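A.B. asks: My questions will all concern the structure given below.
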Amino acid sequence: MGRLEICIDSYESAANAVSGGAHQLEVCSSMALGGLTPSIGLVRRLRASFPDMPLFVMIRPRGGDFIYTKDEVSVMLEDLRAMKNIGVTGFVFGAMDSTGALDVDVCKRLIQAARPSPCTLSRVFDLVKDWRLALKQAIAMGFKTVLT
Numbered sequence: 034m035g036r037l038e039i040c041i042d043s044y045e046s047a048a049n050a051v052s053g054g055a056h057q058l059e060v061c062s063s064m065a066l067g068g069l070t071p072s073i074g075l076v077r078r079l080r081a082s083f084p085d086m087p088l089f090v091m092i093r094p095r096g097g098d099f100i101y102t103k104d105e106v107s108v109m110l111e112d113l114r115a116m117k118n119i120g121v122t123g124f125v126f127g128a129m130d131s132t133g134a135l136d137v138d139v140c141k142r143l144i145q146a147a148r149p150s151p152c153t154l155s156r157v158f159d160l161v162k163d164w165r166l167a168l169k170q171a172i173a174m175g176f177k178t179v180l181t
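Just so you know, we're using my numbering here: the sequence shown kicks off at 34 and counts up by one.
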């Protein structure tokens, strides 16, 4: 039997997903923007209410493209560390460069900060120019899953 992961952006949607049989939650905010980093308060409340539910948290500071400035990467690292301290299960993120390739340096920094938590490559995968190369890079970097 497969595992059911539900993307949620509120406490209510999480409670509904859990009661509906979800095996795992992807926690984000602003789904209309493709999913952004959720609030610390929401994640803390979810962890307290559903202590055994795997929580994978989106790390994405803004909508739009996946080309991040140094300051945005710093924000992403801070958010990731804060979520890790809450005890989330894993993380969902991705970055690309101006050529349309995965930004391997940024992804590696985030994966390193997340260790030993598993990481999922976000839907940035659907936007890269060469998906075959991106898949090889994602595997080599240590992403455990890819959203597409």
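We put the beta carbon where it would ideally sit given N, CA and C, even for glycine.
Keep in mind that this is a model prediction, so the values were computed, not measured.
From the DSSP output, which residues share a beta bridge with Val179?
C.D. replies: Leu154.
A.B. asks: Does the structure place the segment 47-58 close enough to the segment 93-107 that three or more beta carbon pairs sit under 8 Å?
C.D. replies: No: the two stretches stay apart, fewer than three of their Cβ pairs being nearer than 8 Å.
A.B. asks: Less than 8 Å between C-beta atoms, sequence neighbours within five positions excluded: which residues of the same chain meet that for Ile119?
C.D. replies: Ile73, Val76, Arg77, Arg80, listed in sequence order.
A.B. asks: Could you check whether Pro71 and Thr122 sit closer than 8 Å to each other, using their CB atoms as the reference points?
C.D. replies: No; because the gap between Cβ atoms is not below 8 Å, this pair is not in contact.
A.B. asks: Does the beta-carbon of Leu66 have 16 or more other beta-carbons within 10 angstroms, so that it is buried, or is it exposed?
C.D. replies: Exposed.
A.B. asks: Count the other CB atoms, across all protein chains shown, that sit within 10 Å of the CB of Gly163; report buried if there are 16 or more and exposed otherwise.
C.D. replies: Here residue 163 is Asp; the residue named in the question, Gly, does not match the sequence. It counts as exposed.
A.B. asks: How would you label Asp98, buried or exposed, when you count the other beta carbons within 10 angstroms and need 16 or more for buried?
C.D. replies: The residue in question, Asp98, is exposed, as its Cβ has fewer than 16 Cβ neighbours within 10 Å.
A.B. asks: Anyone know if the C-beta pair for Met129 and Val157 falls short of 8 Å?
C.D. replies: Contact flag set, yes.
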